[in-house]
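A quick write-up on the structure given underneath.
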Amino acid sequence: MIRLAAGLLALGFGSAVPAAMPAATALRPTACPPIEGLAEATCAESAAGYRDGWFRITAQPPAGVEQVRIRASRFQSASVTFRFADGVAVQRAASAGAFGNHCPEGGTIAFDVADRTAALTSIGIEVERLAWDRLLKVAVVGQPDPRAAAASLLIIGAALGLLALSTLGNLLVGFASRQSAPIWNAAWAACVLGWGLLWTQVALFAAPGLAGPVAARLGTGCATGAIACAGGFFLASAGGSVRPRVRLGLAAIAAAVAVIGLATAATPDRWLPHLAGVLNGTILVSAAALIAASVLGWWHGNRQARGFLLSFLVPMAAVLWSTFADRGISRGDTGGLYMVLGACALQTLWLTISGAYHLWTVRVERDAARAAESRIAKIAETDPLTGLLNRRGFVERAEALLAGGAPVTLILLDLDHFKQVNDSFGHDAGDRVLQAAAAALTWVPDAESMGRLGGEEFGLLAAGLTPEAAIQVANDARRAISAEEVLTERGYIAVTASAGISCVPPGTDFDTLYKAADRALYVAKEGGRDRTELATTLVRVV
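Numbering (our numbering), first residue to last: 18 to 559.
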């Protein structure tokens, strides 16, 4: 558990040795706490009280040493003294908030060997007020490879860029869709981004005062916050498939990780080893619980649980590998933090793409459902024979016009002697006559809505017409109908139409409007057909 705690805390405190470092040789004291390194290195006798003073290491360096690198962790200052065969000693130092030009491309502090002709005989390393000896990692390296350094910078820039884009993209998607899963994903990406900016020391370009314990503590908070946000993302994306008790348990574990992580980041150094064990035990429980819940959800056909498991397995495996192996895939990435950062960046990219695809499919399904609903609604208010509004749809349009507050005109048109058409030519011919009449009405100007109200009766609606203008519209409609001729095997069929008009003031209901127009239509029929009559009882003089 101590090894696990040290390894996982290293993910919060910074990179051990960047991938750009070639052929590193570490310093391993024999009389010191277990620090990976050379066998001939030794610690001062006062190393036991290092938290309140100095942790000192002396070592006999191998040939070709060009640089000493120390993991950027929770200590106040660090210095390296290079002693040469001619008796000259050169000291390099960096302290909290002032790493200066000792920050290379990764989460380490680099001290270059002085350029001297005399041979390097020994290296002395002093670390002031070290929080925990398990976090200390030192390496001596030869001449750094510029190509490897450029490659590591490219990896860092690409990973941080992907995390930043994922944070912004998921925030926008979450607020636009009003869903919590993208918000949790954005929070996870933001925590990993903060951790990456701290351990790569990119953040120190903008805020050099963070260097040292402040950055280490913030890194711990970001790392544990990312784990807690991963739990929140799972609960938000899995939806109602997670049972209430399981959901409550996962939420409690995620909250515990966040609280204990913050406590670990803020705890005094002497309590760090004890609290680290509790934190990492909670992290392992959280990982096991999320994996179990994801597998169970996948088993029950939950696609979101399957996507979560597949996407988070890679960064989980990277964290565990770097913890137990204390290195990455490449030989130079001894802390494994390049591997973790790359895995998290690719994971959040995959998760963002899959989330966007899921939202796209939901939108497609929603649009298809709305289109189907619109088609059903249109069918419900459309006359299947003529394509005009049926009585229900026509009444809805009329009531909407009446509610608008403007004078409304209703024109009822009835085909004359239509029963004789059916009797003489058949119902098929009668249907064709109805279709021809409906087509003729669509060309009538000033009519806002038109429909077939039943049988051979049609209706036209208009707003704001004077009685004289309404009569003109009705006559235009009648002439358009009479101009239509339907060809049958027994010759052409032409019909005429009678019209009744009702013009009502605002506030009148549809029944009153319709009854007045129907009475006028009856008068037109009784008066000889093929004519227009205006209802005089409800005429508004304009």
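Yeah, the Cβ is synthetic: ideal placement off N, Cα and C, and Gly gets one too.
At 4 residues or longer, what runs of the alpha helix (DSSP H) sit wholly inside the region 237-319?
Counting only runs of 4 or more, we get 261-283, 289-316.
Within a Cβ cutoff of 6 Å, which residues of the same chain sit near W71, ignoring the five residues on either side of it in sequence?
If you ignore the 5 residues before and after W71, its C-beta comes within less than 6 Å of the C-beta of E143, E145, all in its own chain and listed in chain order.
Consult DSSP for E145 and reduce its assignment to one of helix, strand or coil.
Strand.
Is it a yes or a no for the region 443-454 touching the region 510-519, going by three-plus beta-carbon pairs under 8 Å?
With the cut-off at 8 Å, the region 443-454 and the region 510-519 touch.
Could you tell me whether the region 268-284 touches the region 292-307, using the rule of 3 or more Cβ pairs below 8 Å?
Proximity of the region 268-284 to the region 292-307 meets the contact definition, three or more beta-carbon pairs being nearer than 8 Å.
Please report the Cβ distance between A480 and P424, rounded to the nearest whole angstrom; I am assuming they are in contact, meaning their Cβ atoms lie under 8 Å.
Here A480 really is in contact with P424; their C-beta atoms are around 7 Å apart, less than 8 Å.
For A247 versus W205, is the C-beta spacing smaller than 7 Å?
Yes, the pair counts as a contact, with Cβ atoms nearer than the cut-off.
Cβ distance (whole Å) where A637 is taken to contact L429 below 8 Å:
Absent from the structure is residue 637, since the part of the chain shown begins at 18 and ends at 559.
Have a look at T483 and E550 and give me their C-alpha separation to the nearest angstrom.
Looking at the two C-alpha atoms, the distance is approximately 14 Å.
Beta-carbon contacts of R264 that lie in its chain and below 7 Å, excluding the five residues immediately before and after:
Closer than 7 Å at the Cβ level, and outside the excluded window around R264, lie L252.
Starting from the Cα of L427, find the closest Cα among F411, D547, N407 and give me that residue.
Taking each of F411, D547, N407 in turn and checking the Cα distance to L427, the smallest one comes out for F411.
Please identify the residue among R507, S90, D132 whose C-alpha is closest to the C-alpha of W149.
The residue with the shortest Cα to Cα distance from W149 is S90.
Where Y67 falls: helix, strand or coil (DSSP):
Reduced to three states, the DSSP call for Y67 is coil.
Anticipated Cβ contact below 8 Å, N250 with N319, distance rounded:
Here the sequence assigns Phe to residue 250, which means Asn is not the residue at that position. Taking a contact as a CB-CB distance under 8 Å, the pair F250 and N319 does not count as one, their CB atoms being some 14 Å apart.
Just the Cα atoms here: how many angstroms apart are A360 and A113?
The alpha-carbon atoms of A360 and A113 are separated by roughly 30 Å.
Cross-strand partners of V85 (DSSP beta bridge)
Answer is F128, V157.
Element boundaries [beta strand (DSSP E), containing Q108]:
Looking at the DSSP string, the run of the beta strand (DSSP E) that includes Q108 is 106-112.
R88 versus Y355: straight-line alpha-carbon distance, rounded
Straight-line Cα distance between these residues: approximately 14 Å.
If we call anything under 7 Å between Cβ atoms a contact, is R100 one with T138?
The answer is yes: Cβ separation under 7 Å.
Threshold first: 3 residues or longer. Then list the beta strand (DSSP E) segments lying entirely within the region 408-470, N to C.
Within the region 408-470, the complete beta strand (DSSP E) segments at least 3 residues long are 425-432, listed from N- to C-terminus.
Which class does E485 belong to by DSSP, given the choice of helix, strand or coil?
Here E485 sits in helix by DSSP.
Nearest CA to the CA of T403: which residue from V336, Q364, E474, L376?
Closest option to T403, Cα to Cα, is E474.
Residues that R151 bridges to, as DSSP identifies them:
DSSP lists no partner for R151.
Option nearest L458 by Cα separation, candidates G472, G476, V438, V209:
For the set G472, G476, V438, V209, the Cα lying nearest the Cα of L458 is the one of G476.
With distances taken Cα to Cα, identify the nearest neighbour of T125 among D69, G229, Q321, L189.
For the residues D69, G229, Q321, L189, the minimum Cα distance to T125 belongs to G229.
Alpha-carbon spacing of G174 relative to A167, whole angstroms:
Cα-Cα distance, rounded: 10 Å.
Closest by CA to G81, which one among R68, V130, G104?
Taking only the C-alpha atoms, the option nearest G81 is V130.
If you run the structure through DSSP and keep just helix, strand and coil, what is F329?
In the structure shown, F329 sits in a helix (DSSP, three-state: H, G or I).
L289: beta carbon under 6 Å from a heavy atom of the ligand MN?
Here there are no bound small molecules, and the ligand MN is not part of this structure.
Inter-residue Cα distance where the pair is A389 and L330
Annotation: A389 to L330 spans about 40 Å, alpha carbon to alpha carbon.
Per DSSP, cross-strand counterpart(s) of E550:
DSSP, once it has assigned bridges, lists G517 as partnering E550.
When burial is assigned at 16 or more other CB atoms within 10 Å of the CB, is Y374 buried or exposed?
Burial is judged here by how many other beta carbons sit within 10 angstroms of a residue's own beta carbon; Y374 has fewer than 16 and is exposed.
Return the chain-ordered list of same chain residues with a C-beta closer than 6 Å to the C-beta of D463, the five sequence neighbours on each side being excluded.
Cβ neighbours of D463 beyond the five flanking positions: A479, V490.
Report the rounded CA-to-CA distance for R536 versus A552, giving the unit in angstroms.
For R536 and A552, the gap between their C-alpha atoms comes out near 7 Å.
Please go through the same chain and pick out, in chain order, the residues whose beta-carbon is closer than 6 Å to the beta-carbon of S467, but skip the five residues on each side of it.
Position check: residue 467 holds Met in this sequence, whereas Ser was assumed. Same-chain partners within the cutoff: L405, L458, L477.
Burial state of S391 (16 or more Cβ within 10 Å):
Its Cβ having fewer than 16 others within 10 Å, S391 is exposed.
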